[in-house]
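Below is one structure, written out as structure tokens, with a few remarks after it.
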Amino acid sequence: MFLRVAVLVMSLVVTVRASCHGGAATTNDAGEPVCVVDGEELAVDEQRVTATCQDCTCYLSGYQCCGVGYNAGSIGVPDGQRLVKDDNCAFHLEPV
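With mature numbering (1 follows the signal peptide of the UniProt record, and there is no 0) applied, the sequence shown covers -18 to -1, 1 to 78.
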């Protein structure tokens, strides 16, 4: 019985692998160093989750972004389920 329950619980687990990228910093019209990610300007030492669900931090040397929520990378959805995007980068599973 315990083995059946364990297998059932394991089959409902969603796996997520992070997806990250980065790029160079630039300067804005005022000559200040900034990072531009998906059209959004971040100041040096600023961290923000963008509209495209990227958790980005701007450094003087460039930026680093990692996907969050449904944009976290490769999401393994169990058989018989589908991923549904919610607000604020969240998601939930529904039966197919």
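Beta carbons: idealized from backbone N, C-alpha and C, even for Gly. Just so you know, these numbers come straight off a predicted model, no measurement behind them.
Where do the ends of the beta strand (DSSP E) carrying Ala25 lie? The continuous beta strand (DSSP E) containing Ala25 extends over residues 22 to 25.
Whole-number beta carbon distance between Gly4 and Gly44, since they are thought to touch under 8 Å: At roughly 6 Å, the Cβ-Cβ gap stays under 8 Å, so Gly44 and Gly4 are in contact.
What are the boundary residues of the beta strand (DSSP E) that includes Tyr52? It is not in any beta strand (DSSP E) - Tyr52 carries neither H nor E in the DSSP assignment.
Mind checking whether Ser1 and Gly55 have CB atoms under 9 Å apart? With a cutoff of 9 Å on beta-carbon distance, Ser1 and Gly55 are scored as near each other.
Go ahead and label Gln29 buried or exposed: buried means 16 or more other beta carbons lie within 10 angstroms of its beta carbon, across all protein chains shown. Of the residues assessed, Gln29 falls on the exposed side of the cut-off, its CB having fewer than 16 other CB atoms within 10 angstroms.
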